[in-house]
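Residue numbers (the working numbering): 457 to 995.
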């Protein structure tokens, strides 16, 4: 931090004439013999001295300039010690709702130095972002309504949400927007126990509650709990929300009930709200996702420590590997670990058929070629190598415990020796408080992944979409989206040489490495994953 100088003993403080020595042409007007008078010959009325007046103004601004130099610290291009440091703040147009610190800001990208081959330099090169920067200026109508909406004390919305960390984040974003649509106060969201992982974490165990309330105070009123005047013995829980629900449908369906009862309980929000909303509501989505949803201080501190341990040794890649047992069960795919492990997955899938998602009539081979399966460790290693990742590249492997343990990651670790996980990075006892908290462990992965120089997901799930949008929003960090449908057929061609394979992979992923993609070109996309152009403007 720049030190503030002490001006008590500076030349300016000791000698007032210090201010005038650079102004000799003007000071001569003041101190010339013509203007000097004897104190014994006072004058009752003197003509105005315009030279003195202008000189006083010039002296004042000169002094102001000196004080600015003395007291305003000059920013330096030094390495930040915290992933949660402040980026230039975005200010809403109404002036009274200044956005606070962004939830997570990545460590600065590395400047690649050393004797790297051009191929390695190209792999680490960051997208320029086409000069898109965050902009959340709200319309006049939205700001006028805010004065009424943020004071609401009669109507309350309670939302019950479930799932993993990033699915929970998506539902919280939609909950805030629905509260705004209904002009209701939002009660802190209720998190159900994860049926797959048994995680009992509540909202306050994962997110900074005070920051959440404070950041949204100009948009919706958020309260920690339901007031006693609205408690009822039997609450009607609404679960039947259609997909792509529009604001007009939400008002028509729930507003009358909310006015009569003063309370609405919603369950099953999971991506039901329309992706195409009015511009101000799209900006609100981004404000919740990128500003309001900040992890608790202990989670941020631990995530930051692990991120710095990766970052301090040079650029690194974060891979989100979806190799958990429940993922193989849900996707209907095979693990690639051999018949023994595949038999276990088939057996458990038969016992939990309700977890199988999408395209029930497709074989596992067709699923894989359609891009519906996660990349396994061998496929990810081949892709990274083909895209030019140096063998010495540091790799951070995010995700839950892989089915098959170390065997599941063996092909990747064999190809890239400098691979690490949160478990190998953490020191003794650092992860112990969170071993049964899958959401917290996922939040730690989120922080470390956000600071990576390159991020590659093995599966296009909620984490991939969240990381894509967040990395774009805070600085356009490189994001490689594997084109599984087009690339996997080449994995089966034994006759293709390594050089040809590498050339083909680079061509397939040339336009999938982090340059801004306009959401408006594909209206079904979520603005949180594609914040351009609703939440980001060209400067």
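Here a beta-carbon is modelled for each residue, glycine too, at the ideal position from N, C-alpha and C.
Starting from residue i and walking both ways along the beta strand (DSSP E), at which residues does that stretch end?
i, result
"residue 853", "850–854"
"residue 994", "992–994"
"residue 913", "910–913"
On a Cα-Cα basis, can you pick out the residue from the options that is closest to residue i?
i, options, result
"residue 870", "990, 834, 971", "834"
"residue 877", "967, 582, 774", "774"
"residue 968", "953, 897, 881, 942", "942"
"residue 646", "615, 806, 748, 704", "615"
"residue 653", "872, 976, 777, 857", "857"
"residue 892", "599, 656, 613", "656"
"residue 678", "669, 686, 685", "669"
"residue 973", "992, 955, 625", "992"
"residue 801", "779, 840, 620", "779"
"residue 648", "895, 977, 994", "895"
"residue 727", "631, 796, 681", "631"
"residue 917", "840, 828, 798", "828"
"residue 944", "868, 627, 838, 794", "838"
"residue 718", "971, 640, 701", "640"
"residue 734", "633, 674, 751", "633"
"residue 566", "853, 937, 849", "849"
"residue 799", "758, 859, 957", "859"
"residue 931", "746, 759, 696", "746"
"residue 913", "965, 929, 836", "836"
"residue 847", "868, 660, 831, 628", "868"
"residue 593", "675, 627, 611, 610", "675"
"residue 771", "824, 629, 577", "577"
"residue 591", "940, 966, 929", "929"
"residue 842", "821, 872, 817, 819", "872"
"residue 971", "940, 879, 957, 924", "924"
Which whole-angstrom value is the C-beta distance of residue i and residue j, which I expect to be below 8 Å?
i, j, result
"residue 900", "residue 874", "Wrong, their Cβ atoms sit about 20 Å apart, outside the cutoff."
"residue 563", "residue 784", "Contact doesn't hold; Cβ gap of about 33 Å is too wide."
"residue 776", "residue 922", "The Cβ separation is near 10 Å, so there is no contact."
"residue 579", "residue 845", "5 Å"
"residue 588", "residue 988", "5 Å"
"residue 732", "residue 979", "5 Å"
"residue 737", "residue 636", "7 Å"
"residue 793", "residue 863", "6 Å"
"residue 955", "residue 946", "Wrong, their Cβ atoms sit about 13 Å apart, outside the cutoff."
"residue 621", "residue 854", "At roughly 11 Å, the Cβ-Cβ gap does not stay under 8 Å, so residue 621 and residue 854 are not in contact."
"residue 643", "residue 681", "7 Å"
"residue 994", "residue 831", "That pair is no contact at about 34 Å."
"residue 611", "residue 715", "7 Å"
Which stretch, first to last residue, makes up the alpha helix (DSSP H) that contains residue i?
i, result
"residue 668", "665–671"
"residue 904", "894–906"
"residue 683", "Residue 683 -> no alpha helix (DSSP H), and no H or E assigned at all."
"residue 869", "862–871"
"residue 703", "703–717"
"residue 659", "659–662"
"residue 835", "833–842"
"residue 822", "820–825"
"residue 881", "878–881"
Any heavy atom of the ligand NAD closer than 7 Å to the Cβ of residue i?
i, result
"residue 677", "This structure lacks the ligand NAD; in fact it carries no ligand of any kind."
For residue i, decide whether its Cβ has a neighbour in chain C, counting only Cβ atoms nearer than 8 Å.
i, result
"residue 866", "Absent from the structure is chain C; it holds one protein chain and no more."
For this session: Run through the stretch 572–655 for me and flag every whole beta strand (DSSP E) of 3 or more residues, listed as ranges in chain order.
Result: Within the stretch 572–655, the beta strand (DSSP E) runs of at least 3 residues that lie entirely inside it are, in chain order, 588–590, 612–617, 641–643.
Problem set entry | Within the stretch 726–811, ranges of the alpha helix (DSSP H) (whole runs, at least 4 residues) | Restricting attention to alpha helix (DSSP H) runs no shorter than 4 residues, the stretch 726–811 encloses them at 735–743, 753–767, 781–787, 795–807, ordered along the chain.
Exercise. Should the stretch 600–608 be regarded as contacting the stretch 694–711, the criterion being three or more beta carbon pairs within less than 8 Å?
Worked result: Taking 8 Å as the limit for Cβ pairs, the verdict is that the stretch 694–711 does not touch the stretch 600–608.
Exercise. Does the count of Cβ pairs from the stretch 574–586 and the stretch 651–667 closer than 8 Å reach three?
Worked result: no
For this session: Tell me, please, whether the stretch 950–961 touches the stretch 903–921 by the rule of three or more beta-carbon pairs shorter than 8 Å.
Result: no
Exercise. What are the uninterrupted segments assigned as alpha helix (DSSP H) that are 4 or more residues long and contained completely in the stretch 915–995, given in chain order?
Worked result: 918–929, 940–947, 954–964
For this session: Say whether the stretch 612–629 touches the stretch 712–727, bearing in mind that this needs 3 or more beta-carbon pairs closer than 8 Å, one atom from each stretch.
Result: yes
For this session: Report yes or no: do three or more beta-carbon pairs, one from the stretch 880–898 and one from the stretch 790–807, lie closer than 8 Å?
Result: no
Problem set entry | Cβ contact (3+ pairs, closer than 8 Å) linking the stretch 750–769 and the stretch 904–923 | yes
Exercise. Are the stretch 983–992 and the stretch 734–745 touching by the rule of at least three beta carbon pairs closer than 8 Å?
Worked result: yes
For this session: Inspect the CB distances between the stretch 781–796 and the stretch 693–710 and report whether three or more fall short of 8 Å.
Result: They do not touch, by the three-pair rule.
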